[in-house]
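*Asks:*
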């Protein structure tokens with residue numbers, strides 16, 4: 046739940062801002078679109094290896110930048126308090142699919158709405174908050190639901206990068222199910238845990254679906 050609370054806002058909001066920038070009509074925009082999408086097709090194992098180097102406390106890229114700025118180095122995934130936030134930030138690396146979905150939605154927003162707002166004197170931020178966001182709420186809702194489901198099922202990153210550590214800080218539920226089944230050979234118990242996990246995710250998804258009536262705007266006026 047802690048990982049979900051950290052990662053879902055990041056992989057829901059930041060890709061929308063990136064998509065808005067990629068929707069601009071500037072020279073070479075297709076190149077930037079490809080750059081932001083490519084990381085999402087890189088295998089998770091390869092991505093984990095790259096981010097282990099980035100987060101390395103001794104010679105990692107981030108700590109090299111911090112040292113160059115005169116700041117103290119951090120342990121990131123090797124810290125009990127920093128492991129989960131570090132994995133949450135890493136989730137943005139594979140958000141290319143979310144950016145593409147947002148970009149497709151943005152291209153469906155009528156330009157007449159923006160032109161009318163400009164005539165009325167609305168600024169960039171005002172157009173974004175009063176036109177872009179409301180018109181994109183169905184797509185935001187979809188990405189929000191998928192982000193919750195995917196974040197609750199995080200496994201590979203923790204399995205490869207931290208193996209549940211340090212001090213079980215990244216012992217996510219899915220990783221615990223795996224350990225129970227294949228390391229402790231308690232198949233029946235792990236199956237029961239999986240059903241409990243399914244119920245938890247289903248309840249969270251249902252709550253989000255119930256909330257859409259208050260903030261999701263559809264083209265038919267609902």
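Numbering (the working numbering), first residue to last: 46 to 267. Even for Gly, the Cβ is constructed at its ideal location relative to N, Cα and C. Here the structure is a predicted model, which is why all the values come from computation and not from measurement.
Out of 260, 66, 259, 249, which has the shortest C-alpha to C-alpha gap to residue 149?
*Replies:* Nearest C-alpha to residue 149: 66.
*Asks:* Within its chain, find whatever has a CB closer than 8 Å to the CB of residue 102; leave out the 5 residues flanking it on each side and keep chain order.
*Replies:* Excluding sequence neighbours, residue 102 sits near 108, 118, 119, 120, 121, 123.
*Asks:* Run the CB neighbour count on residue 188, radius 10 Å, all protein chains shown included, and call it buried at 16 or more, exposed below.
*Replies:* When all chains shown are included, residue 188 counts as buried.
*Asks:* Answer yes or no: do residue 207 and residue 261 have a C-beta to C-beta separation smaller than 7 Å?
*Replies:* Not in contact: residue 207 and residue 261 (Cβ atoms no closer than 7 Å).
*Asks:* Near residue 128, which residues of its chain fall below 7 Å by C-beta distance, leaving aside the five closest residues on each side in sequence?
*Replies:* Counting only Cβ-Cβ distances below 7 Å, and skipping sequence neighbours, we find 122, 207, 211, 214, 215.
*Asks:* Starting from residue 243, trace the alpha helix (DSSP H) both ways and give me its first and last residue.
*Replies:* Where residue 243 is concerned, the enclosing alpha helix (DSSP H) stretches over 232–260.
*Asks:* Quick one: what's got a C-beta closer than 7 Å to residue 88's C-beta in the same chain, skipping five residues either side?
*Replies:* None.
*Asks:* Buried or exposed: which applies to residue 115, given that a residue is buried once 16 or more other Cβ atoms fall within 10 Å of its Cβ?
*Replies:* Exposed, since its Cβ has fewer than 16 Cβ neighbours within 10 Å.
*Asks:* Taking just the CA atoms, how far does residue 226 sit from residue 157?
*Replies:* Roughly 57 Å separates the two Cα atoms.
*Asks:* Is the separation between the beta-carbon of residue 55 and that of residue 132 shorter than 7 Å?
*Replies:* No, Cβ-Cβ distance for residue 55 and residue 132 is not below 7 Å.
*Asks:* Can residue 162 and residue 176 be called in contact, C-beta distance under 7 Å?
*Replies:* Yes, the pair counts as a contact, with Cβ atoms nearer than the cut-off.
*Asks:* So residue 218 and residue 184 are in contact, right, with Cβ under 8 Å, and what is the actual spacing, rounded?
*Replies:* In fact, because the Cβ distance is near 28 Å, the residues do not count as touching under 8 Å.
*Asks:* Taking the alpha-carbon positions, what's the residue 57 to residue 196 distance?
*Replies:* Computed Cα separation, rounded: 12 Å.
*Asks:* Could you say which of 140, 239, 244 lies nearest to residue 62 if we only look at CA atoms?
*Replies:* Nearest option by C-alpha distance: 140.
*Asks:* How many Å lie between residue 228 and residue 241 at the Cα?
*Replies:* So the two alpha carbons sit approximately 20 Å from each other.
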